[in-house]
Amino acid sequence: MPVLDLKEVTKRYGDFLALDRVSLAVEAGECYGLIGPNGAGKSTLMRIAAGILTNFDGTARVFGLDIKKRAGEA
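Under our numbering, think of the first position of the sequence shown as 7, with each following residue one higher.
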């Protein structure tokens, strides 16, 4: 089971498309880095993974728990 599992994650801020159907799985023990230019969606992706942003399309799970359903429990 991946520690972080994102499937088809899409996030818009108004007309601005910050993430477009991002899918990613990070297994336990893996080291993963996000690089890209300003405005590429790195911070948005991390906010979703941390459970700070829950209004996005797609699915996001941390340790198998759905971020949208479990937000605020940590």
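Backbone N, C-alpha and C define an ideal beta-carbon position, used for all residues, glycine too. Note that the structure is predicted; figures quoted are calculated from it, not measured.
Item to check | CB contact below 8 Å: K48 versus chain D | outcome: This model lacks chain D altogether, as it is built from one protein chain only.
Item to check | A66 and I54 closer than 8 Å at C-beta | outcome: Against the sequence shown, residue 66 aligns to sequence position 60. Against the sequence shown, residue 54 aligns to sequence position 48. Yes, the Cβ-Cβ distance between A66 and I54 is below 8 Å.
Checklist entry - For the stretch 22-78, which segments carrying the alpha helix (DSSP H) assignment without a break, of at least 4 residues, lie completely within its bounds, in sequence order? => result 48-55, 73-76
Checklist entry - Among residues of its own chain, excluding the 5 on either side of K13, which ones have a beta-carbon nearer than 7 Å to its beta-carbon? => result Counting from one through the sequence shown, the residue named residue 13 turns up at place 7. So the list reads S29, G64, T65, once near-sequence residues are dropped.
Next on the checklist: Out of T50, Y19, F69, which one is the CA nearest neighbour of A34?
Outcome noted: Residue 34 sits at position 28 when you count from the first residue of the sequence shown. The residue with the shortest Cα to Cα distance from A34 is F69.
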